[in-house]
Amino acid sequence: MELRHKAESDHEFASAPLLQPTSEIQQIPADYLPLRFSNKYVNGPRHLLPAWREVESRLQSADRVALFMDFDGTLVPIAPWPDQVRLSPRMREHVESIARKDVMVGIVSGRRLADLRSRAAVGGIWYVGTHGYFLRRSGGPTVTLLNPEQKAEMAHVSRRLARELRNIPGVLLESKQATVAVHYRHASRPNYRKVFASIRRLLQDRPQLSLLPGKKVWELFPGASVSKWTAIKYILELEQRLRKSPCLVVYLGDDAMDERVFHQMQGISVVVGRHRRTAAEFFLNSTAEVEQFLERFSEVLT
Ligand SMILES: [Mg+2]
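Numbering (this note's numbering), first residue to last: 179 to 480.
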């Protein structure tokens, strides 16, 4: 894969007035859901906290450990608007304490890289933004997995949606260079339908695009070649050049994008929230339980 070093440009935000939340993700027609959720572990995920002793011994017996975590819904609770969250001081303390030990730590998010870094504000770790398209280690250069053709394509998508959705209240369009996110948490049901009709027309005109659903958001991607897992693999391979010993990967996430990681990774996978169908091995009920987990994690490794 070709990699280029490159600075992120500023994003545009087209905000709209607030309306009562109504719509649900399940209303998306099935043929627009490219992800099939299925259990990778026969009995589904187990609650991690009661299984802590087992997890602890796996961490202790590993040569090296890498901890990657999603941000929204995993390290911070989901907020009504995406600009309302910040990492709590206690959570930051745990993440920093783990990063100071011999553990590779990364926060892997759908947010733009600069936005993610400012909201997490933890030093000495990896940050992955826009679902794997932008990567950066604290103090290092930004690496992008986006090619110029894809960049031009997504700029077109952003302009077209901004034009078509500009008069629909309750919809927030977020252009993230590599992807375009349409937040509909505050859209009424008729407005939600208009938005989806517009996205459907776009996908008919440009079949190479992928559409992925998140929590009250649809996100358009230039294709399916890059994911959070692509970025994590890139980081692991980079670190592997410096140290050859095998690495136990721990990944925490709560969303459809994280399911791709759970499906492809080996190691300890943890879904946040109650999901009946998931490829994760364990679950934690809430971000509060994630905090308990990270506190214990930081005490295990020296
Ligand atoms: Mg999330």
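Where is the CB? At the ideal position from N, CA and C, for every residue including glycine.
Coarse secondary structure for residue i, derived from DSSP in three states
i, result
"residue 359", "strand"
"residue 338", "helix"
"residue 407", "helix"
"residue 402", "coil"
"residue 252", "coil"
"residue 429", "strand"
"residue 156", "Nothing about residue 156 can be reported from this structure: the residues present for the chain run from 179 to 480 only."
"residue 323", "coil"
"residue 412", "helix"
"residue 474", "helix"
"residue 273", "helix"
"residue 447", "strand"
"residue 462", "strand"
"residue 364", "coil"
"residue 453", "coil"
Between the CA atoms of residue j and residue i - distance to the nearest angstrom
i, j, result
"residue 282", "residue 401", "29 Å"
"residue 245", "residue 260", "24 Å"
"residue 470", "residue 264", "18 Å"
"residue 276", "residue 377", "42 Å"
"residue 436", "residue 358", "18 Å"
"residue 439", "residue 310", "11 Å"
"residue 431", "residue 472", "14 Å"
"residue 329", "residue 355", "6 Å"
"residue 342", "residue 332", "15 Å"
"residue 417", "residue 218", "28 Å"
"residue 286", "residue 307", "6 Å"
"residue 363", "residue 410", "29 Å"
"residue 451", "residue 463", "5 Å"
"residue 344", "residue 399", "20 Å"
"residue 258", "residue 273", "25 Å"
"residue 476", "residue 298", "18 Å"
"residue 212", "residue 383", "Confidence at residue 212 is low in this model, with a pLDDT of 45, below 50, so its placement is unreliable and no value can be given for it."
"residue 390", "residue 319", "28 Å"
"residue 369", "residue 352", "17 Å"
"residue 461", "residue 393", "18 Å"
"residue 339", "residue 372", "12 Å"
"residue 379", "residue 441", "30 Å"
"residue 423", "residue 280", "13 Å"
First through last residue of the alpha helix (DSSP H) which encompasses residue i
i, result
"residue 230", "230-239"
"residue 367", "367-383"
"residue 435", "434-442"
"residue 479", "Looking at the DSSP string, residue 479 is not in any alpha helix (DSSP H), and its letter there is neither H nor E."
"residue 293", "291-298"
Member of the options whose CA lies at the smallest distance from the CA of residue i
i, options, result
"residue 301", "311, 293, 316", "316"
"residue 459", "341, 258, 428", "428"
"residue 468", "457, 448, 480, 453", "448"
"residue 366", "375, 352, 347, 234", "347"
"residue 484", "434, 325, 293", "Missing from the structure shown is residue 484; the chain here goes from 179 to 480 and no further."
"residue 406", "383, 455, 227, 248", "248"
"residue 413", "304, 340, 385", "304"
"residue 404", "388, 395, 419", "388"
"residue 349", "408, 396, 280", "396"
"residue 253", "226, 337, 465, 323", "465"
"residue 229", "474, 288, 479", "474"
"residue 420", "270, 242, 269, 408", "242"
Ligand 1 heavy atom lying under 7 Å from the CB of residue i
i, result
"residue 401", "no"
"residue 252", "yes"
"residue 317", "no"
"residue 432", "yes"
"residue 383", "no"
"residue 261", "no"
"residue 280", "no"
"residue 293", "no"
"residue 248", "yes"
Endpoints, beta strand (DSSP E) assigned at residue i
i, result
"residue 387", "First-last for residue 387: undefined, no H or E at that position."
"residue 286", "281-286"
"residue 350", "350-353"
"residue 313", "312-315"
"residue 244", "242-247"
"residue 222", "From DSSP, residue 222 is part of no beta strand (DSSP E); its letter is neither H nor E."
"residue 306", "304-307"
CB contact check: residue i to chain C, cutoff 8 Å
i, result
"residue 303", "Here there is only one protein chain, and chain C is not present."
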